[in-house]
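Participant:
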Amino acid sequence: MKFKGRAWKFGDNVDTDVIIPGKYLRTTDLRSLGEHAMEGLDAGFKPAPGDIIVAGKNFGCGSSREQAPMALKYAGISCVVARSFARIFFRNAINVGLPIVEANICDAVESGDVVEVDLDNGIVKAGGREYESTRLPEFLQDILKAGGLVAYRRGVR
Numbered sequence: 041m042k043f044k045g046r047a048w049k050f051g052d053n054v055d056t057d058v059i060i061p062g063k064y065l066r067t068t069d070l071r072s073l074g075e076h077a078m079e080g081l082d083a084g085f086k087p088a089p090g091d092i093i094v095a096g097k098n099f100g101c102g103s104s105r106e107q108a109p110m111a112l113k114y115a116g117i118s119c120v121v122a123r124s125f126a127r128i129f130f131r132n133a134i135n136v137g138l139p140i141v142e143a144n145i146c147d148a149v150e151s152g153d154v155v156e157v158d159l160d161n162g163i164v165k166a167g168g169r170e171y172e173s174t175r176l177p178e179f180l181q182d183i184l185k186a187g188g189l190v191a192y193r194r195g196v197r
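Residue numbers (our numbering): 41 to 197.
#1: Just mark Leu138 as buried or exposed, buried being the case when its beta carbon has 16 or more other beta carbons within 10 Å.
#2: Can you tell me which of the three DSSP states Lys97 falls into?
#3: By how many angstroms is the C-alpha of Arg66 removed from the C-alpha of Arg169?
#4: Find the nearest neighbour of Glu53 within the set Phe125, Gly187 and Leu73, judged by alpha-carbon distance.
#5: In three-state DSSP terms, what is Arg66?
#6: I believe Cys119 touches Ile140 by the beta-carbon criterion, under 8 Å. Please report the beta-carbon distance rounded to the nearest angstrom.
#7: If you draw a straight line from the alpha carbon of Asn98 to that of Gly195, how long is it in whole angstroms?
#8: With Gly116 and Asp91 assumed to form a contact (beta carbons below 8 Å), what rounded beta-carbon distance in angstroms separates them?
#9: If we ignore side chains and look at the alpha-carbon of each, how far apart do Gly100 and Thr174 end up?
#10: Per DSSP, what kind of secondary structure is Glu178 in: helix, strand or coil?
#11: What did DSSP end up calling Val154 once you bin it into helix, strand or coil?
#12: In whole angstroms, give me the CA-to-CA distance for Ala108 and Leu70.
#13: Relative to the C-alpha of Leu176, which residue among Tyr192, Ala166 and Leu159 is closest?
#14: I need the straight-line Cα distance from Val136 to Glu172, nearest angstrom please.
#15: Residues bridged to Ile55 by DSSP?
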């Protein structure tokens, strides 16, 4: 799986409360979640389809709300690249089909830069340089390719 998009840069400890503020958790409209993604941190967050979030360490910390990765996915984010992820966010992202990868590129990227992610080979390109990233195990990549855990279990491959 490969992704190329414009970067939206955030720092360390971006928690699920700012990824999707609690006042929007009652909706079942996934597009509405996407419209309010990152509103708690950046009211101007309006990504184009395929854009990529680049962040520091501990992205997705806080509560276990699975709406956080759903909001990013339905906002049009194709992938999240962070130095590290909170464990529950990592699993929730895979479960909903939001590709994520760990790479330490935050200091090398500014918002608006083009970032390329190659999940198959564990490579991220940014700022004219190539960075090694974690390579997700094959079974996690299969879940992502299916669009999430439910689709994977239903045999969508």
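Glycine included, C-beta positions come from ideal geometry on N, C-alpha and C.
Facilitator: Concretely, from the data shown:
#1: With a threshold of 16 other beta carbon atoms within 10 Å, Leu138 meets it and is buried.
#2: For Lys97, the secondary structure class from DSSP, reduced to helix, strand or coil, is coil.
#3: Between the C-alpha atoms of Arg169 and Arg66 there is a straight-line separation of about 42 Å.
#4: Note that residue 53 is Asn in the sequence shown here, rather than Glu. Measuring from the Cα of Asn53, the nearest candidate turns out to be Phe125.
#5: Coil at Arg66, not helix or strand.
#6: 7 Å
#7: 32 Å
#8: Approximately 6 Å separates the beta-carbon atoms of Gly116 and Asp91; this is inside 8 Å, confirming the contact.
#9: 17 Å
#10: helix
#11: Strand at Val154.
#12: 11 Å
#13: Leu159
#14: 25 Å
#15: Correcting the residue identity first, residue 55 is Asp in this sequence and not Ile. Note: Asp55 is bridge-paired with Cys101 in the DSSP secondary-structure output.
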